[in-house]
Amino acid sequence: MPPVSTTTTTQTRPNQGQSGSPGLQVVDPTSGSAVPLPASAAGKKGERAGNFIVVPGSDDAQSLTVVDNRTNKIYQIKIENGSVAALDFTKIKTADGPGLRLYDPGFQNTAVAQSRITFIDGDAGILQYRGYDIEDLAEKSNFIEVSYLLIYGELPNKAQYSQFHHEIMHHTFVHLQLAELMKSFNYDAHPMGMFISGMSAMSTFHPEANPALVNNDMYVEDPRVRNKQIFRLLGKSPTLAAYAYRHRIGRPYNQPRNDLSYTANFLYMMDRLSEDEYEPHPVLVKALDILFILHADHELNCSTAAMRHIGSSHVDPYSAVAGASAALYGPLHGGANEAVLRMLEGIGSVANVIPFLEQVKNREKKLMGFGHRVYKNYDPRARIIRRVAYEVFEVCGREPLIEVAIALEKAALADDFFVQRKLYPNVDFYSGLIYKAMGFPTDFFPVLFAIPRVAGWLAHWKEACEDPKGKIWRPRQIYLGEGKRSYVPLDHRSEGRNAADDMEVLQTVQSRQISKRSKVATHKNFRSSL
Ligand SMILES: CC(C)(COP(=O)(O)OP(=O)(O)OC[C@H]1O[C@@H](n2cnc3c(N)ncnc32)[C@H](O)[C@@H]1OP(=O)(O)O)[C@@H](O)C(=O)NCCC(=O)NCCS
Numbered sequence: 001m002p003p004v005s006t007t008t009t010t011q012t013r014p015n016q017g018q019s020g021s022p023g024l025q026v027v028d029p030t031s032g033s034a035v036p037l038p039a040s041a042a043g044k045k046g047e048r049a050g051n052f053i054v055v056p057g058s059d060d061a062q063s064l065t066v067v068d069n070r071t072n073k074i075y076q077i078k079i080e081n082g083s084v085a086a087l088d089f090t091k092i093k094t095a096d097g098p099g100l101r102l103y104d105p106g107f108q109n110t111a112v113a114q115s116r117i118t119f120i121d122g123d124a125g126i127l128q129y130r131g132y133d134i135e136d137l138a139e140k141s142n143f144i145e146v147s148y149l150l151i152y153g154e155l156p157n158k159a160q161y162s163q164f165h166h167e168i169m170h171h172t173f174v175h176l177q178l179a180e181l182m183k184s185f186n187y188d189a190h191p192m193g194m195f196i197s198g199m200s201a202m203s204t205f206h207p208e209a210n211p212a213l214v215n216n217d218m219y220v221e222d223p224r225v226r227n228k229q230i231f232r233l234l235g236k237s238p239t240l241a242a243y244a245y246r247h248r249i250g251r252p253y254n255q256p257r258n259d260l261s262y263t264a265n266f267l268y269m270m271d272r273l274s275e276d277e278y279e280p281h282p283v284l285v286k287a288l289d290i291l292f293i294l295h296a297d298h299e300l301n302c303s304t305a306a307m308r309h310i311g312s313s314h315v316d317p318y319s320a321v322a323g324a325s326a327a328l329y330g331p332l333h334g335g336a337n338e339a340v341l342r343m344l345e346g347i348g349s350v351a352n353v354i355p356f357l358e359q360v361k362n363r364e365k366k367l368m369g370f371g372h373r374v375y376k377n378y379d380p381r382a383r384i385i386r387r388v389a390y391e392v393f394e395v396c397g398r399e400p401l402i403e404v405a406i407a408l409e410k411a412a413l414a415d416d417f418f419v420q421r422k423l424y425p426n427v428d429f430y431s432g433l434i435y436k437a438m439g440f441p442t443d444f445f446p447v448l449f450a451i452p453r454v455a456g457w458l459a460h461w462k463e464a465c466e467d468p469k470g471k472i473w474r475p476r477q478i479y480l481g482e483g484k485r486s487y488v489p490l491d492h493r494s495e496g497r498n499a500a501d502d503m504e505v506l507q508t509v510q511s512r513q514i515s516k517r518s519k520v521a522t523h524k525n526f527r528s529s530l
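Under full-length UniProt numbering, residue 530 is the last one in the sequence shown; the count climbs by one each step, no gaps.
Structure, rendered in structure tokens:
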């Protein structure tokens, strides 16, 4: 009869028990093979019997049988689409404790959404948008078509394409006051900070898009309202980005031209001064379009997860895109292309590659543009970008740092440290070189990532709005802090060291705006201790 084991096993069990009891048998937890049932265990379902515990078998091969060794209770947990529902674990509890929580810092093995948008096989180095290989799309499609595919699920027919293109190109103008706001940034403001702020400010120019003013569930209920914001966000992102750039270089803003393609219009707004009939170079337009396709989506990366998280509160999509852009800004994510270029400039020449890699292995430096949470193989986007880089060099001249990048890649891929950890070049490794060859300033690189990623963010936002199982995102924590304490008034607290001292919370770095003269000056509020 009964199945038994003191630990969980991944072995498949037959449905028929040894003694003829349907669905019950004894399994050795180490080998996974069936063993005779000890007499002591017979009939004691859910109880320990020596080394064994009797658990019921299940006809459902797509399930887990979990034994809680604290209580000897047995649970059947359903497996669906290769996953188990975290909520099923809440029923696993002791008499006085809460249900079991799943602890997963950094969401390393937690699926927070069911999605049909992008598929990645990180081991095989495969990336597909709605089932289409990224290589195919980069070669044959364009960014507008890919945006449609991501957002609406299918490649558009001619009429759909034409309407979508028209709508986007007729939502490219931004409110004049938003342009004024962009002008109010400091002359050397980081363009990504400007982009994030401009995006956030955009929500204030469209009160009819604000759920707080209209209807809390407007985006869940009305696809037409969703579409309007999709057109606006795709249309206005390049305009906002170009304004951030033009402000930095002190040139007047160009108004969008809706007779140009999406990327040609962007380059026009960036670069035209007063020339009539200004036309960006077609090779650069095409290269940028391919880069936009490659960056359009990457399933639940940090910024897309942020988009879904913020959107789950039903806030307007401008605020959610501002938050997603902020997540993208970080050097571990979209800021990596900027960091790669600074790293390559720091290495300077091929001769310095090996010493630099030694520093990486000694944990003194990080090899930016290498490694990925999902890819444990060559990032397919990096391969395409490397090819496109040479097409750009033909027009704009060779970027000398490419030699450093290639030598770095070759040396890293031959080194055990990187091989063992499956660290390969990611999308950011070569994109910065193309951007540099095209003459974009280094701090503009993350903005060039953000513009196309708006399409992916919107695809996920729309999918989440339409999900009948949609809920506000609210993860749980494992609280390890102090128990209840009584408040101690300031005068009664000890002067000795405490945890806050150890964390050096009150130490600060010097602001770069304090001059040497101010540092040595004295004044009325002078406090030498700080
Ligand atoms: C992308 C990234 C954040 C993924 O992080 P992750 O999934 O948490 O992976 P881990 O940080 O756990 O890395 C696993 C191991 O590889 C090492 N590693 C990962 N990326 C590395 C890099 N770029 N340089 C050197 N070592 C790296 C880690 O130190 C760790 O080593 P250990 O196991 O000996 O401690 C990380 O690879 C990284 O920081 N890369 C550089 C930034 C970058 O290019 N980001 C753009 C991503 S598209």
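The beta carbon of each residue, even a glycine, is placed where N, CA and C say it ideally should be.
Collapsing the DSSP output to three states places Ser63 in a strand.
A distance of 9 Å or more separates the beta carbons of Tyr253 and Gly198. Within its own chain, the residues whose Cβ lies closer than 7 Å to the Cβ of Phe195, once the five positions on either side in sequence are excluded, are Leu240, Ala241, Ala244, Ser325, Val447 and Ala450, listed in chain order. If you compare the alpha carbons of Arg116, Asp379 and Asp276 with that of Glu463, the shortest gap goes to Arg116.
Annotation: the continuous alpha helix (DSSP H) that includes Thr263 extends over Tyr262 to Asp271. For the segment 125-177, the full-length beta strand (DSSP E) segments reaching 3 residues or more read 126-129 along the chain. Glu277 and Gly348 have their C-alpha atoms spaced approximately 39 Å apart. Here Arg130 is not near Leu102, since their CB atoms are 9 Å or more apart. Within the chosen limit of 8 Å, ligand 1 reaches the beta carbon of Pro331 through at least one heavy atom. Assignment of Ile293 by DSSP, reduced to helix, strand and coil, places it in the helix class. According to the DSSP secondary-structure assignment, Phe89 is paired through a beta bridge with no residue. Counting only the Cα atoms, Gly483 lies some 20 Å from Gly99. Of the residues Asp289, Asn337 and Phe107, the one whose Cα lies closest to the Cα of Met192 is Asn337. Not one heavy atom of ligand 1 falls within 8 Å of the beta-carbon of Arg453.
Bounds of any beta strand (DSSP E) do not take in Lys516; it lies within the alpha helix (DSSP H) bounded by Lys516 to Val520. Assigned with DSSP and collapsed to three states, Glu208 falls in helix.
With a cutoff of 8 Å, Ala339 counts as near ligand 1, since its C-beta is closer than that to a heavy atom of the ligand.
The segment 172-192 makes contact with the segment 254-274, as at least three CB pairs between them are under 8 Å.
A Cβ-Cβ contact shorter than 9 Å links Tyr378 with Tyr424. Ser313 counts as exposed, since fewer than 16 other C-beta atoms from the protein chains shown sit within 10 angstroms of its C-beta. Judged by DSSP secondary structure, Ile478 falls outside any alpha helix (DSSP H); it is assigned neither H nor E.
Looking at the DSSP output, Pro331 shares a beta bridge with no other residue. Between the beta-carbon of Ile385 and that of Ile434 there is about 7 Å, and that keeps the pair under the 8 Å contact cut. In this structure Ile77 touches Asp88 by the C-beta definition: roughly 5 Å separates them, less than 8 Å. Straight across, the Cα-Cα distance linking Thr304 with Gly496 is about 45 Å. Take the alpha-carbon of Lys93 and the one of Val285: they are about 59 Å apart. Within the same chain, Ala411 come within 8 Å of Ile354 by CB-CB distance, once the 5 residues on both sides are set aside. If you draw a 10 Å sphere on the C-beta of Tyr487, you find fewer than 16 other C-beta atoms in it, and that means exposed. Counting C-beta pairs closer than 8 Å gives three or more between the segment 459-474 and the segment 107-123, which meets the contact rule. Only buried fits Glu409, as 16 or more other CB atoms lie within 10 angstroms of its CB.
Take Gly334, set aside five residues on each side of it, and the residues of its chain with a beta-carbon closer than 6 Å to its own are Leu328, Pro446 and Phe449, in chain order. In the three-state reduction of the DSSP assignment, Phe440 falls in the coil class. Residue pairing by DSSP places Thr110 opposite no residue, since no beta bridge is assigned to it.
Put simply, the backbone Cα of Tyr390 is about 18 Å away from that of Ile293. With fewer than 16 neighbouring CB atoms inside 10 Å of its own CB, His523 falls in the exposed class. For a cut-off of 8 Å, the C-beta gap from Gly456 to Ala296 is around 5 Å, short enough to register as a contact.
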